[in-house]
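Residue numbers (this note's numbering): 8 to 88. Only one structure is covered here, and it is reproduced in the block below.
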Amino acid sequence: MTLQSTVITIPEVKLSVDQLLKVVRQLDDASRIQLARVLMETEMDAKLASLIEKLAKTTPADDFSDEDIEVEIKAVRNLNA
Numbered sequence: 008m009t010l011q012s013t014v015i016t017i018p019e020v021k022l023s024v025d026q027l028l029k030v031v032r033q034l035d036d037a038s039r040i041q042l043a044r045v046l047m048e049t050e051m052d053a054k055l056a057s058l059i060e061k062l063a064k065t066t067p068a069d070d071f072s073d074e075d076i077e078v079e080i081k082a083v084r085n086l087n088a
């Protein structure tokens, strides 16, 4: 049975970072890849939430209008057509 399909119940276990790293190193390749993806998703979610929060607090720019943006978008689309 692979570690990926093994269910482990560990109530109230405390591990140091070094101990956790030793456990991770014992995982099979597929499980380590899965763990890496989860860690990346978690980090990306946290960064995205932080960015959204910062943007929500930012005063919108007033030096150009929605019409100016639409004109620029159309010009770029025409260049790429």
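Don't be surprised by glycine CBs; every beta carbon is placed ideally from N, CA and C.
For chain B, check one thing: does any of its Cβ atoms lie closer than 9 Å to the Cβ of residue i?
{"i": "Ile80", "result": "Reference to chain B is not applicable here, since this structure consists of a single protein chain."}
Grab the span of the alpha helix (DSSP H) containing residue i for me, first residue to last.
{"i": "Val78", "result": "73-87"}
{"i": "Asp25", "result": "24-32"}
{"i": "Thr49", "result": "36-64"}
Between residue i and residue j, how many whole angstroms is the CB-CB distance? I'm expecting something under 8 Å.
{"i": "Leu42", "j": "Val31", "result": "6 Å"}
Given a threshold of 16 other Cβ atoms within 10 Å of its Cβ, counted over all protein chains shown, does residue i qualify as buried or as exposed?
{"i": "Thr65", "result": "exposed"}
{"i": "Ile17", "result": "exposed"}
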